[in-house]
Structure formats: structure tokens, C-alpha cells
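J.: Chains as they are written, first to last, in my numbering: chain A, 2 to 481; chain B, 2 to 481. Note that CB positions come from ideal geometry on N, CA and C, so glycine has one too.
Protein chains: 2
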Amino acid sequence: MSKEIGITVKKNEDFSEWYTQVVIKAQLADYAPVKGLIVLRPYGYSIWEYLRSSVDQKLKATGHENGFLPVLIPESLLSKEATHFAGFTPEVFWVTHSGNTEIGDRLALRPTSETLAYSMYSKWIKSWRDLPIKINFWNSALRAEIKATKPFLRTSEFLWQEGHTVHSTREEAEEEVMTILDIYKRTVEDELAIPVILGKKTDKEKFVGAVYTTTMESIMPDGKALQMGTSHFLGQNFSKPFDVKFLDKQNIETFAWQTSWGISWRLIGALIMVHGDDKGLVLPPRVAPIQVVIVPIYSSQSDRDEILKKANELKETLVKKDLRIHMDSREEFTPGYKFHDWEMKGVPLRIEIGPKDLLKNKMVIVRRDDLKKSDLSFESAEDGIAKTLDEIQKGLFEKAKKMLDNGIKNVNDFAQFKKEIEDGMFLYSSWCGDQKCEETVKESTGADIRVIPFDEKRTNAPCIVCGKPSKVDVMFAKGY
Amino acid sequence: MSKEIGITVKKNEDFSEWYTQVVIKAQLADYAPVKGLIVLRPYGYSIWEYLRSSVDQKLKATGHENGFLPVLIPESLLSKEATHFAGFTPEVFWVTHSGNTEIGDRLALRPTSETLAYSMYSKWIKSWRDLPIKINFWNSALRAEIKATKPFLRTSEFLWQEGHTVHSTREEAEEEVMTILDIYKRTVEDELAIPVILGKKTDKEKFVGAVYTTTMESIMPDGKALQMGTSHFLGQNFSKPFDVKFLDKQNIETFAWQTSWGISWRLIGALIMVHGDDKGLVLPPRVAPIQVVIVPIYSSQSDRDEILKKANELKETLVKKDLRIHMDSREEFTPGYKFHDWEMKGVPLRIEIGPKDLLKNKMVIVRRDDLKKSDLSFESAEDGIAKTLDEIQKGLFEKAKKMLDNGIKNVNDFAQFKKEIEDGMFLYSSWCGDQKCEETVKESTGADIRVIPFDEKRTNAPCIVCGKPSKVDVMFAKGY
Chain A
2 MSKEIGITVK KNEDFSEWYT QVVIKAQLAD YAPVKGLIVL RPYGYSIWEY
52 LRSSVDQKLK ATGHENGFLP VLIPESLLSK EATHFAGFTP EVFWVTHSGN
102 TEIGDRLALR PTSETLAYSM YSKWIKSWRD LPIKINFWNS ALRAEIKATK
152 PFLRTSEFLW QEGHTVHSTR EEAEEEVMTI LDIYKRTVED ELAIPVILGK
202 KTDKEKFVGA VYTTTMESIM PDGKALQMGT SHFLGQNFSK PFDVKFLDKQ
252 NIETFAWQTS WGISWRLIGA LIMVHGDDKG LVLPPRVAPI QVVIVPIYSS
302 QSDRDEILKK ANELKETLVK KDLRIHMDSR EEFTPGYKFH DWEMKGVPLR
352 IEIGPKDLLK NKMVIVRRDD LKKSDLSFES AEDGIAKTLD EIQKGLFEKA
402 KKMLDNGIKN VNDFAQFKKE IEDGMFLYSS WCGDQKCEET VKESTGADIR
452 VIPFDEKRTN APCIVCGKPS KVDVMFAKGY
Chain B
2 MSKEIGITVK KNEDFSEWYT QVVIKAQLAD YAPVKGLIVL RPYGYSIWEY
52 LRSSVDQKLK ATGHENGFLP VLIPESLLSK EATHFAGFTP EVFWVTHSGN
102 TEIGDRLALR PTSETLAYSM YSKWIKSWRD LPIKINFWNS ALRAEIKATK
152 PFLRTSEFLW QEGHTVHSTR EEAEEEVMTI LDIYKRTVED ELAIPVILGK
202 KTDKEKFVGA VYTTTMESIM PDGKALQMGT SHFLGQNFSK PFDVKFLDKQ
252 NIETFAWQTS WGISWRLIGA LIMVHGDDKG LVLPPRVAPI QVVIVPIYSS
302 QSDRDEILKK ANELKETLVK KDLRIHMDSR EEFTPGYKFH DWEMKGVPLR
352 IEIGPKDLLK NKMVIVRRDD LKKSDLSFES AEDGIAKTLD EIQKGLFEKA
402 KKMLDNGIKN VNDFAQFKKE IEDGMFLYSS WCGDQKCEET VKESTGADIR
452 VIPFDEKRTN APCIVCGKPS KVDVMFAKGY
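1. Cβ of W343(B) less than 8 Å from any chain A Cβ?
2. Can you have a look at N13(A) and say buried or exposed, based on whether 16 or more other CB atoms are within 10 angstroms of its CB?
3. In the DSSP assignment, find the unbroken beta strand (DSSP E) run with I291(A) in it and report its ends.
4. Taking the runs of the beta strand (DSSP E) that are 3 residues or longer, which of them lie wholly in the region 176-229 of chain B?
5. With 16 as the cutoff for other CB atoms within 10 Å, does P91(B) come out buried or exposed?
6. Given that a residue counts as buried once 16 or more other Cβ atoms are within 10 Å of its Cβ, and exposed if not, what is T431(A)?
7. Counting only beta-carbon separations shorter than 8 Å, does D31(B) have a partner in chain A?
8. For E218(B), does the count of other Cβ atoms within 10 angstroms reach 16, so buried, or fall short, so exposed?
9. Straight-line CA distance for K420(B) to S261(B)?
10. Report the rounded CA-to-CA distance for L282(B) versus E192(B), giving the unit in angstroms.
11. For a contact defined as C-beta to C-beta under 7 Å, what are the partners of A145(A) on chain B?
12. Which residue from R369(A), P356(A), A271(A) and K363(A) puts its Cα closest to that of V293(A)?
13. Three Cβ pairs or more, each shorter than 8 Å: is that satisfied between the region 262-272 of chain A and the region 293-310 of chain A?
14. Taking the C-alpha atoms as reference points, what is the distance between S482(B) and L70(A)?
15. Using a cut-off of 7 Å between C-beta atoms, extract the partners of P95(B) located in chain A.
16. Using DSSP bridges, identify the partner residues of W125(A).
17. If we call anything under 8 Å between Cβ atoms a contact, is E383(B) one with K322(B)?
18. What's the call for P336(B), buried or exposed, on a 16-neighbour Cβ count within 10 Å?
19. So with CB distances below 8 Å, who are the chain B contacts of E158(A)?
20. Please state whether DSSP places T389(B) in a helix, a strand or coil.
21. Quick check: the Cα distance between E82(A) and T116(A), rounded to an integer number of angstroms?
22. Just tell me which of I450(B), W161(B) and P356(B) has its CA closest to the CA of L309(B).
23. Between F208(A) and T214(A), what straight-line distance do the alpha-carbon atoms span, to the nearest angstrom?
24. Using 8 Å as the limit for Cβ to Cβ distance, is R130(B) near chain A?
25. Taking the CB atoms as reference points, tell me whether H276(A) and A194(A) lie closer together than 8 Å.
26. Using the C-alpha atoms, what's the distance from M229(A) back to K508(A)?
27. In its own chain, which residues sit with a C-beta less than 6 Å from the C-beta of E66(A), not counting the 5 before and 5 after it?
28. Looking at the C-beta of R42(A), does it have a partner C-beta in chain B at a distance below 8 Å?
29. Look up H98(B) in the DSSP assignment and say whether it is helix, strand or coil.
30. Count the other CB atoms within 10 Å of the CB of S445(A); is the residue buried (16 or more) or exposed (fewer)?
31. Near T180(B), which residues of its chain fall below 8 Å by C-beta distance, leaving aside the five closest residues on each side in sequence?
32. Roughly how many whole angstroms lie between the Cα atoms of D223(A) and F16(A)?
33. Buried or exposed for V167(B), please, with buried defined as at least 16 other CB atoms from any protein chain shown within 10 angstroms of its CB.
34. How close, in whole Å, do the beta carbons of E206(A) and I450(A) come, if the pair is a contact with beta carbons under 8 Å?
35. DSSP three-state label for N362(B), please.
36. Roughly how far, in whole angstroms, is the beta-carbon of I48(B) from the beta-carbon of K26(B), given that I think they are within contact range, below 8 Å?
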């Protein structure tokens, strides 16, 4: 494979360029004609389909349903909850004309759908019999990005799901917030093999309009934190302006309790960054569009026929086990070219079958995660392949867990804090709870409080900034 | 059930009002705050999910993949193919601002994505090795509707899929056009139980920019024709302006051959119109979110416990057979209310279990299509239910087929033609092929040539309008 086709920079030398090359060259996505927008190619979209299907199943199993909301929201409706609206105004795309006709009340392309969903819910809910409402929407959100675009991480339109629920009690709504966060955690850890830290956002960092925001954070190889998903308790902040109320069992009119939550294709960005290496993408088997690629190797015609026959039999056997197998029988490329091509695309396992292998009734399997080669007999192929894929899935998680653990440091001294932040660490420090100290950190280091972890280990050290007694221990990092 | 909750008009007395009531009261959809837009409620969206999944499986089985395209297309790109652009300009929503910043090259909300997809394909395709490209996009299209909105039939944003393929030869592209039309036909006839007529559109009615358009048409109970899906042969009409070319095996640069095709949620509109009755929706089992509803009937507490136990056992048995079962154990409604509620929602089969049934170890089953009641023993429940659902699916198709056949008439006389069109018939007449005669029919009757059927039965009658020798026999009707 020529240099131009493969990845030309090393991951730890130019992380940003490496990332972009992997996205483009592994054919996950490409830049659209409008700045800030991307197109997903089938290989990238397929990863999204596996991720979506995993979340969708978990949501349906917990009583959620899907719906559809249009992309256009009238300005008058969007501005009904003032704080919420103010949070999004600089990013909103405005539709002002249809054909040659000017539109009176400008239409926003949805930056998120709380306002639209709740104006509908207000019509649909009459009494406690209509609750809870737990609807999820698989759509896209549009937020004009001013900074440089990064495919999957920062684009002006992104695929996501947004869930919007309504409950008759605060307790039920708060329980929903945690149910969702758990679904997200299981999806990201079990499918994407990325460990996460769960906790709350500070008031400064929470979703605009929420009472509080719970979050799932992880650390990327460049030391920056990535918000992997959020689940918000909205309290009655939206139900009051949008009139989402119900008659309770005592026939008393009551404002409902609400939640909203979302994950986006940003998780594909995390996947690329966490697992990829100098050769390109490394995909966890559970979300890999192709889990196993078979590369037949031959030079003579008689070898060719025999090897293709055997390879096709193997393929059939594995397909029956619900494995996603691709046979690369392209005649116009050498085996060497194919190896590099599929390595760049991150296929978890490669099977090579050559004339010598056939004589010994075995194949060579090559793991993408550690590039280790081993022999596997045709008799043990079914179990051997499935077992190896499981090992790769687990191995990737464990490697990522080590990276996360090694990237976290307890720091009590602000001078050391500033240095460590520059080195790209996730810093665990004590905080007095004052927003001023939070802002001081942001101004002097660029770091935010990413999360107040649920499994906080209180050190009772003084506030990292002002030295006054601390209230909580929090995690600081620079973010994406 | 009070009159207000049920459908208050008869299907054959006020078809339009009946349709709207079914959509709203069966909770399929609701009007969004912006005129011309609708929201899909979970019950309606779920039908879309079954329809989508059926098409998606067929597309994947024939080598198609899914991708994602952004909703924003620059005006400069959209206008590159002039005829195509002119066809859509009056309907385009224009984004002129992001935040407070004016955008130089206005952005269109996609009315369809040929231009965007092909500007990408032009980058991706180098040689014959990269062909064919067969990508499908499940997204929404936006076309500002000036006329009155009808949920699913005429809305300014609608869910659909748009497929865009590229081939190295004309033959392969034309074969693709027919492969897709066949997938559409099988989906609509087998899943939605609606018979269709396949054929070509005239030049006047074809997709703007296509060489020709193949179509799938059906007739609705009000006598109007509905275009159920189209598959277009684009020839090189787009590959030339968008520079979609490839090096062939002789290393010669050649413009590619293209197709595009789509079906939309309009099919849900057809489903409602074709099968519904005065009680509301009637759903074919294959796309019904709930295939069977179980209504337990009891008055005493001891009956209640025993009946619920038996009903739950039955539910478990049927769920294991992959049937979609709902148990309506709501305490706040009477069995009578529940019967009407589920009838309005079109659930194909209802199971009633009361104390007397339990004594006889049987249940009562009630078909939604003909409202016939019969007894079924618990022993034969598994097979009996599955068999009845199959019968309902087939019965609905046969009934719709009769309606279609009865709605078609051969007419050779223009005076009779005008009368029959008023009566809501699908008229099969001869045509000289001159667009002027086509326009005369439109002006004097409001009818279009819906389709030049593939299984044309040439009558060799003179042209219905001008009396000159005819070239083809075509189907005329007023359309949605």
C-alpha cells in the first residue's frame, strides 16, 4: 500500500491530523460542500446503525417508544423558555423564506427539541392516565459551529437521539434520569469498549434549562475529556412555560416532572480516538460492520479454485453463527495491499488461507488489536473465531481502562494543577463550590469541571483555588 | 366510548374528515406548530419502523448500503442541473442566517439529495473498481406546501428513503431501476396489503432531471390515484454536470449511469385510506405495532385473578412465537370502552377472556377486518392466532384488489371519459403520445396520465382526445 493511501502520521506525533486521516481514509465520513457539515459513508454509517440498534433495544426494553418531530421550530416557541433560548441563539440556523415568500415568524432548525416536544405533550396529556410519556427521537440536531470542524466531534449537523419524558412525580423523573444514564454507560462500555465516569455537571456546565445534568465522561489519548452523553432532570422548568400539566388521582391540576437525554455520533469520534493506532482504525467487534475479513492467498489457478472453495465454506459456517464476514476475493489487489487496507479500516480479525495452510488443514488468524498471528484449524474455526472476537472486545476495554486510570491524578496544589493540566491529565481536586473558583480555573488553565463523580472519594482537602474548606471533590480537564 | 372519542363521520360520507379523524384519534400523528408540518406519535412511527425495516432488509439483501447526508445544500450546488432546480424552486425553504450572521451562498433544506450525493460521488469514484455505488439514505425531505396539509399525504417535511446509485453501464443502471421497483411492489403488496400497478410516467409527469420515471400507482376509495413510489433512470443527466465519471477497464474516462428512487410515509396514508372503515383504522398484521390485544373481562376479584393469570400465560406463549401482543389490563376502563378503543386503532385481532370462557377452556377472538367473532380453545391458541392473522393479511389484500379492479374502466369516448372521471374512476384509454392531448385532459377534467402500465393491453383504439391513431394505452385519474 502506498504512503498516500495509508495513514501518513503517527497517532502520538500529530493526533489531530492522524484523526482526520483515519476518518477520511477508512471511509467513515467526508466533508460536505457546506463548511462544518459532513457526509457519512456506508462504513461509518454502519457503525452508527449498530450503536443505534443497541441503544434502541435497551430503550424499548425499558418502556420507551420512538416518534418523529419536524426539523423546523418557530422562533416564538423556541424563545418561550428564556434561559434555554439564550443558550442556543448564537448557533441557530434561521429559515426566513419558502420559495420567494418571506416567513413571518422565522423558523429555527432544531438545535434540540424540548420546546417543540413539550408544546405537543401539553396537548396530549390530560390526566394521570396519560403518564408517563417516554418518547425518544432518532434525528439530527443543527448548531452552527464557528470553530474548526472535526468530523463526529464538532459539526454543524449531527446525528443523535433525544429522549423526552414526562412523569407525575419528581421521584419517578429522577429515577428515569438514572435509568437512561445506566443504559448509556452499558452501551458505551459493553459495545464501544470505552470506560466512563458517571456523575453530575456543575451549575455552570449543566444543560441550559435543566435543574441538573448527569453526565458520562471519558478521557481521550490527547488528555482532553469528552462528554459521552448526558441525561437531564428538567424538574418543572419546562412544564410551567409549556403548560405540561395533568389532573392527578385527586383531580387536582399539577405541573408534570420532566427529563431529557441524548447521545450522538460523537461516540464514533471517541471510538476512533480511544482504540485507533498508527495503522488506522481499530474497531471493537460488537460494532464492527465487518468482524472478520477472509483473504485468500494463491498464485496458481488450481490453488485459487481450491482455496476459494474452502474459504467460501468457512464463510458460510461463520455467517450461520451470525458473524459479519467479508470475503476479499478482489483479483486486482495483492494480499499485502488487502492486509493494509483492512487494517486501516479496523476490521477486528483477519483470516488468511494460503496453499500451505490448506495442506495442514488450518488457517492463519491475525488480531487487529495486537496484530498477533496464530494458527487455527478448520475444525475449531467456529468456536475459535467467536472466542477470539470476545477476547478482542475485552482486551480493548481493558487497555482503554488502563489509559483512563493512568490519566487521572489527585492534585491539591494549584501550581502543580496548572502544570499537570498542560500535560493533559484528568485532575481530581477539591472545590469549595463557588462558581468564581471554577471560572478562575477556566481562565488560567482552560480546564472545566467535567464531572462531580457519583463515586466521589472525599479527600477533604481545601479548595484547589481559594484554599477555603471544600464541599466536593471534582474532576477537571480541558474538554472537546 | 363517547362520540367525541370515536370517529364521528362515515368513510363514504365525508372521506376527507374521516381520514383526518382517524389520523388524530388513533394517535398516529398530530399537527406541529408550523403550518404544513406534522409530528408522528409512537403508534404512527411504529408503523413506519416496520415498513422501513422491511424495505431496509430487502435493500441490504440486494447489495445496498445506508449513508447519511446533511439537510443543508448550497444554492450554487442545487442549481447546477438547471431543469431539476427549476422543478423545486417554488418549494424550497431557504436558510439565510446562522445566529446573527448572514450566509453568503444561501442554504436550501434538501427537497431531494441528487445534487449533494453526486457532488460527493464525483470525489469518491476514480475507476471501475469503485462501481457500482448503491447507497440509500433514510432521511426527511422538505418541500414547502402551499395547498392544505393532509397528514402523510401532503406535508412540508416528510420521512422517506432516497436511494442514489452509480453504474458503469446503461444496462446495469436500468436493471437497478427495475430491481427497486420490484422491492417496492413486494413491500406494498405483501406488507401493506395494497395492490399496485407498475409502469412508466409520461415525460410531462416524470421526475425533473430523469430520462424516465417508473412508478407504482394505486387507487384510493375516493377514486383518486396515489403515487406509491418511484424509481428513476437518470441516464447521464446528472453525471455530466456533476462530473461523476470513471476510468473504465480500457482506462478511458467515461460518464457514469445513475438511478434514484424513493418511497415515503405517504404509504401510511394509503394504508389508512385503503383499509380503514367507519370504526377507524384497520391494520394489516405485518405492519401492526400491536397484532393482538387481549382484553380480560371480569367483575369479581376472584375471577380477576384467575383470568389475568390465564391471560398472562397466553400472552407469554404468543410472545414466544414473535407475535406482538398487548394486554389491556387498565382498571379504569370498561371492556366495552377498550373494544372500541382498539378497534379505532386498527389492531387486527382481539382476544376476550371472561369467566364463562375460562370454564370452557376457550377464548373469544374478534377479527378487526370483518368484525367476526369465534371461539378458540387455549390448546389451539398458538396455531389458531397465527393462522387467523395470515387470513386477515390475505383478506385485506383481496378486498383491496377487488376495489382496484372495480375502479378501473376502459373508455374510448371523451364525453364518457369526462363523466367517469367525475365519478372517481381510473380510466384506461388510448393516447396518441402528444403532450397537447395530455394537457387537454388535465385542463378539461383535472386528470393526469398516472401511468403507462408495463402490462399494457393494446386496444388500438384512437386517441381519447384527438381521435388520431394512438401509440399507447394509458391510465388516467385525478391524483393526490
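T.: Straight from the coordinates:
1. no
2. exposed
3. No beta strand (DSSP E) holds I291(A); DSSP gives it neither H nor E.
4. Qualifying beta strand (DSSP E) stretches, in chain order: 198-201 and 213-220.
5. Its Cβ having fewer than 16 others within 10 Å, P91(B) is exposed.
6. Before going further, note that residue 431(A) is Ser rather than Thr in the sequence given. Buried: at least 16 other Cβ atoms inside 10 Å.
7. Contacts with chain A at 8 Å (Cβ-Cβ) include D31(B).
8. buried
9. 37 Å
10. Straight-line measurement puts the Cα of E192(B) at about 16 Å from the Cα of L282(B).
11. Residues of chain B passing the Cβ test: S99 and G100.
12. R369(A)
13. no
14. A question about residue 482(B) goes unanswered here, because the residues of chain B that appear run from 2 up to 481.
15. The sequence given here has Trp at residue 95(B), not Pro. In chain order: V96, T97 and H98.
16. Paired residues: none, contrary to the question.
17. yes
18. exposed
19. P71, V72 and L73
20. helix
21. 8 Å
22. P356(B)
23. 6 Å
24. yes
25. Taking 8 Å as the Cβ cut-off, H276(A) and A194(A) qualify as a contacting pair.
26. Chain A is shown only over 2 to 481; residue 508(A) falls outside these bounds and no answer can be derived.
27. I136
28. yes
29. strand
30. Taking all protein chains in view, the Cβ of S445(A) is surrounded by fewer than 16 other Cβ atoms within 10 Å, so the residue is classified as exposed.
31. Excluding residues within five positions, the ones whose Cβ falls inside 8 Å are T63.
32. 7 Å
33. buried
34. 6 Å
35. coil
36. About 15 Å separates the two Cβ atoms, so there is no contact after all.
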